[in-house]
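So the structure is just underneath, and the comments pick up after that.
2 protein chains.
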Amino acid sequence: MIQSVSRALHLLEILARAGGSARLKEISETAALTVPTTHNLLNTLVALGYVRRRQGDTRYHLGDRILNIARVAGNDAQLRERLRPTLKKLYDATQETVFLAVPSGDEIYFLDAIESRKLLHVAAQPGERVGMTGSAIGQLFLAHNASLRARTDVPPGIRDELDRIARDGYAVDHERVFDGIAAVAVPLIEDGEMLAGFGVAAPGNRLTPDLFPSLAARMHQIIADHA
Amino acid sequence: MIQSVSRALHLLEILARAGGSARLKEISETAALTVPTTHNLLNTLVALGYVRRRQGDTRYHLGDRILNIARVAGNDAQLRERLRPTLKKLYDATQETVFLAVPSGDEIYFLDAIESRKLLHVAAQPGERVGMTGSAIGQLFLAHNASLRARTDVPPGIRDELDRIARDGYAVDHERVFDGIAAVAVPLIEDGEMLAGFGVAAPGNRLTPDLFPSLAARMHQIIADHA
DNA sequence: CTAATGATTTCCATGATGCTGAAATTCCAG
DNA sequence: CTGGAATTTCAGCATCATGGAAATCATTAG
Numbered sequence: 001m002i003q004s005v006s007r008a009l010h011l012l013e014i015l016a017r018a019g020g021s022a023r024l025k026e027i028s029e030t031a032a033l034t035v036p037t038t039h040n041l042l043n044t045l046v047a048l049g050y051v052r053r054r055q056g057d058t059r060y061h062l063g064d065r066i067l068n069i070a071r072v073a074g075n076d077a078q079l080r081e082r083l084r085p086t087l088k089k090l091y092d093a094t095q096e097t098v099f100l101a102v103p104s105g106d107e108i109y110f111l112d113a114i115e116s117r118k119l120l121h122v123a124a125q126p127g128e129r130v131g132m133t134g135s136a137i138g139q140l141f142l143a144h145n146a147s148l149r150a151r152t153d154v155p156p157g158i159r160d161e162l163d164r165i166a167r168d169g170y171a172v173d174h175e176r177v178f179d180g181i182a183a184v185a186v187p188l189i190e191d192g193e194m195l196a197g198f199g200v201a202a203p204g205n206r207l208t209p210d211l212f213p214s215l216a217a218r219m220h221q222i223i224a225d226h227a
Numbered sequence: 228m229i230q231s232v233s234r235a236l237h238l239l240e241i242l243a244r245a246g247g248s249a250r251l252k253e254i255s256e257t258a259a260l261t262v263p264t265t266h267n268l269l270n271t272l273v274a275l276g277y278v279r280r281r282q283g284d285t286r287y288h289l290g291d292r293i294l295n296i297a298r299v300a301g302n303d304a305q306l307r308e309r310l311r312p313t314l315k316k317l318y319d320a321t322q323e324t325v326f327l328a329v330p331s332g333d334e335i336y337f338l339d340a341i342e343s344r345k346l347l348h349v350a351a352q353p354g355e356r357v358g359m360t361g362s363a364i365g366q367l368f369l370a371h372n373a374s375l376r377a378r379t380d381v382p383p384g385i386r387d388e389l390d391r392i393a394r395d396g397y398a399v400d401h402e403r404v405f406d407g408i409a410a411v412a413v414p415l416i417e418d419g420e421m422l423a424g425f426g427v428a429a430p431g432n433r434l435t436p437d438l439f440p441s442l443a444a445r446m447h448q449i450i451a452d453h454a
């Protein structure tokens, strides 16, 4: 544990709790640090743009450089919060394990999941990360994002499938990736961009290919209504 | 400039630019630090909750503790962005100097302002900070926030005025605080809470007390339409 | 306006602290 | 299972952050 890093971040939190600005003395007292040490830490934060000072004001204010970081950190957390109810609706409608995934670099990242309570069911895997081509949701992203497609090594067998996905608006997987598991995935599109994918996964003998179109339609409906 | 603090924050930004997660080696290369140093910094950030690791995954992910800080830093910036157009409308309607202010601790903080182009006008003072009782906008906050009122030393002369403000929905100042300057302020209320105050300030001989009610009504109108 | 008080900033000596190379361990792909 | 690569641990050393003291600056009262 690096002392000065811990202290510096603590100072930022103190500033936040004080409503965004405070005087040196208050800060040093709250942090239980000496005034010169606090001063040194704060000035480092000022030099980096995480804290600001306004002319004619000796107070320290939270700067907005922190937003560079928070925008990314917040995206995931906020999206999960916001789409939790939709995911729940999807679970209620299917009683199968449901997933919410977002792209992260060249992989997809499972942001949230609700696991089915049926005796035989697919395990939820929030926090897991798989390649783009290795899941129905990943193929959805590939079908919707040309630049992502360009930098991904797409096997020829999947290339045609991407056209179908683009046309029909949903991706499927029937025991291709994992034995015994079938999945249907539909996108959440906002402002013309695919933000996230919803997936339903179930044993292949319960979720047979003939059910795919109607399940996809139901999923589209739920997302349109609740997201 | 404290080296380790600068480095740690840089690592957070690298993680953000990488889309929220990355491997140790990539991070250390991007940051131009040795691997053990990067490891040490990252583990400090993990211990503090600003970076997370998921089990069975050696990657480092942005944590959401940063949001504690960003929520406050972002508030101001976002509010100013969002209310800029309203402030502009207010300026267009009055051609006088207009202000946007928010509470900050026990003072009010001038978040934004547009200065009148008239020959004789009130100076804009974005970034400035004044006591609650020392401005029309501050009195607005006092009238709308009981807990703020409780911890503020309100002069007896103003106490009655607060009742009037609560009743009429606007605050005024005619050469009480600054010689020659008159001001009218109205609140922006959302979810029952006063988030910010808008103010119009002008020379006292242009903005006479008889104009206060009609100006306040016009301001209410503009805010209702655009905020 | 001046003086007095309190807060902020600068400086520097000191030793604790964080840095790095090297080694041990773990992870992961084949 | 095996080999290579990435991660983690470790310890000695130089460096860097720390905090006392003093100087400067801002603020308030008179």
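In order, the protein sequences belong to chains A and B.
Sequence positions in the first sequence follow my numbering and run 1 to 227.
Sequence positions in the second sequence follow my numbering and run 228 to 454.
All C-beta atoms, glycine included, are put in the ideal place defined by N, C-alpha and C.
Quick caveat, the model's predicted, so the values are computed rather than measured.
Say whether chain A places a C-beta atom closer than 8 Å to the C-beta of Thr-271 of chain B.
Output row for Thr-271 of chain B: interface = yes.
Grouping DSSP H, G and I as helix and E and B as strand, with all else coil, what is Phe-141 of chain A?
Helix, per DSSP.
Which one or two residues does DSSP pair with Gly-337 of chain B in a beta bridge?
Note that residue 337 of chain B is Phe in the sequence shown here, rather than Gly. Per DSSP, B:Ala-328.
Asn-205 of chain A versus chain B: which residues are under 7 Å apart at the beta carbon?
Those within 7 Å of Asn-205 of chain A in chain B number zero; the least Cβ separation is about 29 Å.
Using a Cβ-Cβ distance cut-off of 8 Å, determine whether Met-1 of chain A contacts chain B.
Output row for Met-1 of chain A: interface = yes.
Run through DSSP, which three-state label would Pro-440 of chain B get?
DSSP places Pro-440 of chain B in helix when its eight states are reduced to three.
Short check: CB of Ser-343 of chain B to CB of Asp-400 of chain B, under 8 Å?
For Ser-343 of chain B and Asp-400 of chain B, no; Cβs fall outside 8 Å.
State the beta-bridge partners of His-39 of chain A as determined by DSSP.
Note: His-39 of chain A sits in no beta bridge, so no partner.
Looking at the strands, I want to know which residues DSSP matches up with Phe-178 of chain A.
Answer is none; Phe-178 of chain A lacks a bridge partner.
Based on DSSP bridge pairs, tell me the residues matched to Met-421 of chain B.
DSSP output for Met-421 of chain B lists B:Ile-416 as bridge partner(s).
Compare the C-beta of Asp-339 of chain B with all C-beta atoms of chain A and state if any pair is closer than 8 Å.
No, no contact with chain A.
Using only the alpha-carbon positions, how far apart do Ile-296 of chain B and Ile-222 of chain A sit?
Cα to Cα, Ile-296 of chain B sits roughly 35 Å from Ile-222 of chain A.
Determine whether the Cβ of Ile-66 of chain A lies closer than 8 Å to any Cβ atom of chain B.
Closer than 8 Å to some Cβ of chain B, the Cβ of Ile-66 of chain A qualifies, so yes.
Against Ile-335 of chain B, what residues of chain A qualify as contacts under a CB-to-CB distance less than 8 Å, listed in chain order?
Residues of chain A passing the Cβ test: none, with the nearest at roughly 11 Å.
Distance check for Leu-62 of chain A and Arg-309 of chain B, CA to CA, integer angstroms please.
The alpha-carbon atoms of Arg-309 of chain B and Leu-62 of chain A are separated by roughly 19 Å.
Who are the neighbours of Tyr-287 of chain B on chain A, taking C-beta pairs under 8 Å?
Under the 8 Å cutoff, chain A gives no residues; its nearest Cβ is about 12 Å from Tyr-287 of chain B.
Beta-carbon of Ala-274 of chain B versus every beta-carbon of chain A: anything under 8 Å?
Answer yes: the Cβ-Cβ gap between Ala-274 of chain B and chain A drops below 8 Å somewhere.
Tell me which residues share the same chain as Ala-8 of chain A and place their Cβ nearer than 8 Å to its Cβ, disregarding the 5 neighbours each side in the sequence.
Counting only Cβ-Cβ distances below 8 Å, and skipping sequence neighbours, we find Leu-41, Thr-44 and Leu-45.
Give the interface partners of Glu-240 of chain B over in chain A, defined as CB-CB distance under 9 Å, in chain order.
Those are Arg-65, Asn-68 and Ile-69, listed as they occur along chain A.
Thinking C-beta only, is Leu-67 of chain A closer than 8 Å to Gly-424 of chain B?
No. Outside cutoff.
Nearest by alpha-carbon distance to Val-299 of chain B: which of A:Val-122, A:Gly-19 and A:Val-51 is it?
Among A:Val-122, A:Gly-19 and A:Val-51, the Cα nearest to that of Val-299 of chain B belongs to A:Gly-19.
Does any C-beta atom of chain A lie closer than 8 Å to the C-beta of Val-232 of chain B?
Val-232 of chain B counts as touching chain A.
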